[in-house]
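Single-structure report; data block below.
Residue numbers (the working numbering): 723 to 946.
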């Protein structure tokens, strides 16, 4: 029996992870946050002070893996759970840079594809529908305005120590969008056969319910 693969792409802060995670729980699929893999590489590079030119030769030492513990994805460097360490703004920007390096993408592609071959998955990232899983059963390009994404991130960080201002967050999002969309290797873009889904003004519950509807509609259509 073949597996079902759902690819969700879109810009930083669009809510891909939250929506995909909620939809996976509703549908009984495994949620795969591929961005976490790139963040783990960025953490490895940052902690070891590795220059961009030396990243390729050092990748085998990274030993990045995803483990599903009680149905929840956790990210490991070797035997160290780094799931929380990879969520800082510093690592986010570093991941945007390191993910543009072809050697990094090649290193992580097979990990992602192996999970998809063996499980029903909802996988989110920047190039899942265009490069990683070009034959995915369902492709969705999930987005929201830069202002909406900045507001969400600001609310998420509000009250935490050293919380950046809304203006700083918006600036980072616009910068990351530009970097992701204009990199030479696997740039962020909507696949030709992907459904565009703009979550601006929608709650998480509304977005995840609509994603489930889109997935079911597409799969039913393919069965006809």
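Ideal placement from N, C-alpha and C gives every residue a C-beta, glycine not left out.
What does the alpha-carbon distance come out to for the pair residue i and residue j?
i	j	result
residue 736	residue 767	26 Å
residue 947	residue 791	Because the chain in this structure spans residues 723 to 946, residue 947 falls outside the shown range and cannot be described.
residue 753	residue 789	11 Å
residue 946	residue 729	Note that residue 946 has pLDDT 43, beneath the 50 cutoff, so the model's placement of it is unreliable and the number below is only indicative. Whole-angstrom Cα-Cα distance: 21 Å.
residue 884	residue 892	16 Å
residue 764	residue 855	23 Å
residue 787	residue 833	8 Å
residue 873	residue 816	22 Å
residue 901	residue 818	7 Å
residue 828	residue 880	37 Å
residue 702	residue 756	Residue 702 lies beyond the range of the chain shown here (723 to 946); nothing can be said about it.
residue 775	residue 820	11 Å
residue 734	residue 724	31 Å
residue 868	residue 794	29 Å
residue 749	residue 796	20 Å
residue 859	residue 726	6 Å
In chain order, what residues of the same chain have a beta carbon less than 6 Å from the beta carbon of residue i, not counting five sequence neighbours either side?
i	result
residue 930	741, 744, 745
Which residues bound the beta strand (DSSP E) around residue i?
i	result
residue 795	794 to 799
residue 727	727 to 731
residue 789	786 to 791
residue 846	843 to 847
Let me see if you follow: with CB-CB separation under 7 Å, is residue i close to chain B or not?
i	result
residue 851	Judged by its chain identifiers, the structure shown contains no chain B, having just a single protein chain.
Just to confirm the assignment, what range does the alpha helix (DSSP H) spanning residue i have?
i	result
residue 888	888 to 904
residue 826	824 to 840
residue 813	811 to 820
Looking only at its own chain, which residues have a Cβ that is under 7 Å from the Cβ of residue i, when we skip the five neighbours before and after it?
i	result
residue 876	888, 891
Less than 8 Å between C-beta atoms, sequence neighbours within five positions excluded: which residues of the same chain meet that for residue i?
i	result
residue 807	765, 813
residue 772	766, 780
Does the stretch 857 to 869 touch the stretch 915 to 930, meaning 3 or more C-beta pairs lie closer than 8 Å?
yes
To test your reading of the DSSP string, which unbroken beta strand (DSSP E) runs of 3 or more residues are found completely within the stretch 744 to 780?
752 to 755
Entirely within the stretch 849 to 890 and at least 3 residues each: give me those beta strand (DSSP E) ranges in chain order.
860 to 865
Entirely within the stretch 911 to 944 and at least 4 residues each: give me those alpha helix (DSSP H) ranges in chain order.
none
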